[in-house]
Amino acid sequence: EDLKIVSFEVIQNSIEILRKRCQELEHPLLEEYDFRHDTNLKNLNIELRPNAILRPYQEKSLRKMFGNGRARSGLIVLPCGAGKSLVGVTAACTINKSCLVLCNSNVSVQQWKQQFKMWSTADDSKVRLFTSDDKEKPNDSCVCISTYPMIARTERCNAETTEVMKLLKDREWGLMLLDEVHTIPAERFRKVLTIVRAHTKLGLTATLVREDDKITDLNFLIGPKL
45 EDLKIVSFEV IQNSIEILRK RCQELEHPLL EEYDFRHDTN LKNLNIELRP
95 NAILRPYQEK SLRKMFGNGR ARSGLIVLPC GAGKSLVGVT AACTINKSCL
145 VLCNSNVSVQ QWKQQFKMWS TADDSKVRLF TSDDKEKPND SCVCISTYPM
195 IARTERCNAE TTEVMKLLKD REWGLMLLDE VHTIPAERFR KVLTIVRAHT
245 KLGLTATLVR EDDKITDLNF LIGPKL
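Numbering-wise, this note's numbering comes out as the position in the sequence shown, counting from 1, plus 44.
Structure below.
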């Protein structure tokens with residue numbers, strides 16, 4: 045049977061509606077990024093250090109993400125202490141394009157910066173921070189680390205914050221790393237996924253348990269459990 049392949053562009057602020065409807069029809073959208081052949085985004089040019097040795101279960105998670113030579117959006121669930129940071133850093137090095145890391149607090153931002161410097165060849169010129177304390181402008185190819193509240197804030201910001209926020213929004217990211225992703229379905233944080241554009245979204249968490257009933261939303265907001 046001949047398959048007809050069509051392509052069309054979806055309005056940015058309607059993507060979540062489309063994802064949800066496809067999920068309801070039991071035809072979930074599969075988001076894949078052909079990062080090796082993307083010539084529009086600059087390469088990040090960082091790689092894993094020799095001391096970054098993956099455990100078998102970490103390799104298994106990443107194989108599911110990169111199984112067909114493309115990067116697949118989705119969720120990786122690993123227990124506390126299982127090295128999900130190394131999984132995230134490895135994914136960023138593999139895709140080798142600009143990466144936006146989002147986490148819950150300024151403390152976590154500093155921890156992620158240390159993880160990137162520990163496990164990869166990224167230095168301070170490659171790792172940029174955007175928090176209430178740091179307003180470092182992202183450059184053409186970088187790892188930018190911020191918090192969900194920082195990106196989703198609606199109150200008026202000072203000129204410096206507004207400028208960095210515009211730089212984050214006006215570009216496409218190769219990878220968006222979402223730490224403690226079980227916090228994402230909260231309405232405030234959902235906005236992040238429509239504000240910032242990324243070819244691949246990888247959610248990392250130790251648990252897929254929430255107090256409300258919105259955890260299943262992650263399947264269409266980000267992707268399936270990998």
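Each residue gets a CB set at the ideal place from its N, CA and C atoms; glycine is no exception.
Extent of the continuous alpha helix (DSSP H) run through residue i
i, result
"residue 132", "128-139"
"residue 59", "59-68"
"residue 225", "Run containing residue 225: none; DSSP gives neither H nor E here."
"residue 195", "192-196"
"residue 106", "100-109"
"residue 262", "262-265"
Residues that DSSP places opposite residue i in a beta bridge
i, result
"residue 171", "187"
"residue 220", "144, 245"
"residue 30", "No answer is possible for residue 30: the residues shown for the chain start at 45 and end at 270."
"residue 120", "248"
"residue 87", "141"
"residue 179", "174"
"residue 76", "116"
"residue 269", "119"
Residue i vs residue j beta-carbon contact at 8 Å
i, j, result
"residue 266", "residue 118", "yes"
"residue 135", "residue 109", "yes"
"residue 174", "residue 185", "no"
"residue 220", "residue 144", "yes"
"residue 78", "residue 116", "no"
"residue 225", "residue 248", "yes"
"residue 120", "residue 105", "yes"
"residue 244", "residue 218", "yes"
"residue 240", "residue 195", "yes"
"residue 74", "residue 63", "no"
Where the beta strand (DSSP E) containing residue i begins and where it ends
i, result
"residue 232", "Looking at the DSSP string, residue 232 is not in any beta strand (DSSP E); the run it does join, the alpha helix (DSSP H), is 231-239."
Per-residue DSSP class, three states only, for residue i
i, result
"residue 205", "helix"
"residue 281", "Given that the chain is displayed from residue 45 to residue 270, the structure contains no residue 281 and the question cannot be resolved."
"residue 157", "helix"
"residue 253", "coil"
"residue 50", "coil"
"residue 259", "helix"
"residue 152", "helix"
"residue 71", "coil"
Residue i classed as buried or exposed, judged by whether at least 16 other C-beta atoms fall within 10 angstroms
i, result
"residue 253", "exposed"
"residue 54", "exposed"
"residue 71", "exposed"
"residue 140", "buried"
"residue 170", "buried"
"residue 124", "exposed"
"residue 182", "buried"
"residue 61", "exposed"
"residue 203", "exposed"
"residue 159", "buried"
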